[in-house]
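Student: In UniProt numbering, the protein residues as written are 1 to 260.
Cβ coordinates follow ideal geometry from the N, Cα and C atoms, glycine included.
Can you read through this structure? Questions will come right after.
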Amino acid sequence: MPPRRKDPQVPVVKPQTITESGKEERLQKVLAAAGVASRRACEKLIVSGRVKVNGKVVRELGTKVDPDQVMLHVDGQLVMFDDSRVTIALNKPTGVESSLRGDPHDLTQFLTDYRERLFHVGRLDVDTSGLLLLTNDGELANRLTHPSWEVPKTYLATVKGKFTGKTAQELRSGIMLEDGFAQADRVSIKGTHGGLTLVEIELHLGRNRIVRRMLEEVGSPVMELSRIAHGTVKLGTLPLGATRRLSKPELSVLMQSVGL
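And the structure:
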């Protein structure tokens, strides 16, 4: 049988032990322990060339790695092993300040189950509820809030007054506010009832009370406002006032979205 040809564009690592720390385990076991998939499914990922170790494709099931010493990617997404980095999602109720001073009405009341020192990623004003991310990863927090990464945030707003497709287009085209031009990335009408309209709006601007001010400018003052997504993280069915720790795959996707 002729030897298998190697694709010159896809370097392949032969079965071997990668690193010499004495903590090596089979690659499929390491991936399964990280929550990527079942061990059998991880074997299929490896054989199909969807796993990289330190930037090189590994197809051999005999390969052993030390998860503390290598970087693993599956389908281009970083596999997370460092449990010291914590990122959580909080469904912030209205009436709560986005601060961590330890006041009775700030975020600390929801963080009693976490020993890590966490920082909120951006803010939600007191009258706005919904998804707020907190993390102890300073670089992740910086990239999620820095304008250059243009991380989108999605809101559900209940507005008063007439809100039509023309109003939505006006927000997508952009309007001038007192502190400069503001433009929504996406706007859609979700329903109307009793003179109120439910509007979903996505934008990557991070200015103070920007959603409320934009809707006020087009004649649709906000009655209720909730953030339902921050980047790739969704609020989902998380109860009001509850927190959850982002899963490793979920955190990996979030980090990849900002180049980490």
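#1: Any idea which residues DSSP pairs His-230 with across the strands?
#2: May I have the straight-line CA-CA distance separating Lys-248 from Gly-219, to the nearest angstrom?
#3: Between residue 311 and His-73, what straight-line distance do the alpha-carbon atoms span, to the nearest angstrom?
#4: Identify the continuous beta strand (DSSP E) that holds Arg-40 and give its terminal residues.
#5: Would a C-beta distance cut-off of 8 Å place Val-86 and Leu-27 closer than the cut-off?
#6: Can Leu-225 and Asn-91 be called in contact, C-beta distance under 8 Å?
#7: What residue ranges within the segment 108-193 form continuous alpha helix (DSSP H) runs of no fewer than 4 residues, ordered along the chain?
#8: What is the DSSP secondary structure of Arg-209, counted as helix, strand or coil?
#9: Would you verify that the beta carbon of Pro-249 is, or is not, closer than 8 Å to some beta carbon of chain D?
#10: Note down the Cα distance separating Lys-190 from Leu-196, rounded to an integer number of angstroms.
#11: Inspect the CB distances between the segment 198-212 and the segment 144-151 and report whether three or more fall short of 8 Å.
#12: Does DSSP put Met-223 in a helix, a strand or coil?
#13: To the nearest angstrom, how far is the alpha carbon of Glu-178 from that of Thr-158?
#14: By a C-beta neighbour count over all protein chains shown, 10 Å radius and 16 as the cutoff for buried, is Thr-164 buried or exposed?
#15: Shortest alpha-carbon distance to Phe-119 belongs to which of Asp-127, Ala-141, Arg-209 and Ile-175?
#16: When you compare the CB positions of Leu-156 and Glu-200, do they come within less than 8 Å of one another, or not?
#17: Around the Cβ of Phe-110, are there at least 16 other Cβ atoms within 10 angstroms (buried) or fewer (exposed)?
#18: So Leu-198 and Ala-184 are in contact, right, with Cβ under 8 Å, and what is the actual spacing, rounded?
#19: Please determine whether the Cβ atom of Leu-107 lies at a distance below 7 Å from any heavy atom of the ligand FMN.
#20: Which same chain residues end up closer than 6 Å to Thr-260 when comparing Cβ atoms and leaving out the 5 residues on each side of it in sequence?
#21: Tell me the DSSP secondary structure of Lys-23 in three-state form.
Tutor: Judging by the given coordinates:
#1: Lys-153 and Val-233
#2: 42 Å
#3: The chain is shown only over 1 to 260; residue 311 falls outside these bounds and no answer can be derived.
#4: No beta strand (DSSP E) holds Arg-40; the alpha helix (DSSP H) holding it covers 39-47.
#5: Result no, Cβ atoms of Val-86 and Leu-27 do not sit closer than 8 Å.
#6: no
#7: 138-145 and 165-173
#8: coil
#9: Within the model displayed, chain D is absent; a lone protein chain is all it includes.
#10: 11 Å
#11: yes
#12: strand
#13: 23 Å
#14: exposed
#15: Ala-141
#16: yes
#17: buried
#18: Contact doesn't hold; Cβ gap of about 15 Å is too wide.
#19: Ligands are entirely absent from the displayed structure, and the ligand FMN is therefore not among its contents.
#20: Per the sequence shown, the amino acid found at residue 260 is Leu instead of Thr. Around Leu-260: no qualifying Cβ.
#21: Note: Lys-23 maps to coil in three-state DSSP.
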